[in-house]
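Report on the following structure.
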Amino acid sequence: MKKNVKNALALSMILAVTGGTVAFANTDTESKVTAKTEVTSVSEPKIIMAEQKEVQGFIVNEGKIIEISDAGEDGTQVVTISNEQGGLRFSVNAGSVIVDRETGKSISASNLTKGIVVSVIYPELSPMGMSMPPYLGSATVIVANADKGEYMVGLFDENFIDSNNELKLNISDDTVLTNSGVSKIGVTPEMVKGQNALVFYTVTTKSIPAQTTPSFVMVLEKDSEDVKEPTDSNVDEETEETEEGTVEWIPLRDTAEAKGFTVTWRGRDKAILVEKADGCIEITIDEALFAVDGKEREAARAAALVDGVMYVSSEVLS
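Its first residue numbered 0, the sequence shown is counted upward by one per residue in numbering that gives the first Met the number 0.
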């Protein structure tokens, strides 16, 4: 009888120890998940909405792509992501703004594949379809490979400190500055002040707020109404007669990308690089001189930034 009692006590002790170990492991796992959510704040829409509601900020919804389906003849696709908040469905097409966190460069919708982690950024008051998961429509910006480096979305003041006092930006000449609308070049540090922005960074100080020199800053535009399209009133003399004939003044980015070029703003010397595999054109704001594969040429008129849109003479891209 004593032997049975001892055995029963021993078994109870084993079960108690085992149960305690399992409970500790679960608690530890939960604390890690909670800590991660509080630090990143990128997967919790409610937190971001509460913090930026007064300024109509942005929601950042991160998750893994689990499905991609065609949605029409125009090449639009519907992407579904999964996360702890129930997931999200959104559309992408050739005009979607997609940035790769791993490379810091813009990529096309065809680079989005099942299994990669993306971050979908959109205004907090965006309408949602009543489905499960909810359907957003088009996002403002999509960050591909969002798990490959540090990033944040914040509202930055005149001192480049975000509204939550978490990060201060020390923008350098090597920082790539752009925005999510039509005018993706010609962005200056002053244009970041008072705006919501997507920031890529690596090393930070241990101060409060933490300071960093970002590698990439994209000013976020809430909708197309924030962008001034070129009109007859804000672009004068769109054509000009030369000895070779009529020269048009054309929007640089739209025209260059339609021809298969990539356009990059190099802030340190106000230069714009228009590149293809077989060549490179270098343009400088407010100058008529430009270079094709290092050989200097002169355009009919200087490149100019008009209402946030860069214009050049058509012969620059001919």
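For every residue, glycine included, the Cβ atom is placed at its ideal position computed from N, Cα and C. The structure displayed is predicted, hence computed values, not measured ones.
- Under the DSSP definition of a beta bridge, GLY153 partners with ALA196.
- A distance below 6 Å between beta-carbons, with the five flanking residues on each side excluded, links ILE280 to the following residues of its chain, in chain order: VAL273 and VAL291.
- A straight-line Cα-Cα distance of about 8 Å links GLU286 and ALA303.
- Leaving aside the five residues that flank LYS113 on each side, the residues in its chain whose CB is nearer than 8 Å to its CB run, in chain order, ILE64, ILE65, GLU66 and ILE67.
- Note on the segment 79-123: there is no whole alpha helix (DSSP H) run with a minimum of 4 residues.
- ASP277 and ASN164 have their C-alpha atoms roughly 45 Å apart.
- PHE289 and VAL216 have their alpha carbons spaced roughly 26 Å apart.
- For GLY128, the pairing in a beta bridge is given by DSSP as TYR134.
- Per DSSP, the beta-bridge partners of VAL142 are VAL98 and SER118.
- ASP253 carries a helical assignment under DSSP once its states are collapsed to helix, strand and coil.
- The same chain holds no residue with a CB closer than 6 Å to that of ALA257 once the five nearest residues on each side in sequence are set aside.
- Judged by DSSP in its simplified three-state form, VAL186 adopts coil rather than helix or strand.
- Around the beta carbon of MET151, 16 or more other beta carbons lie within 10 angstroms, which makes this residue buried.
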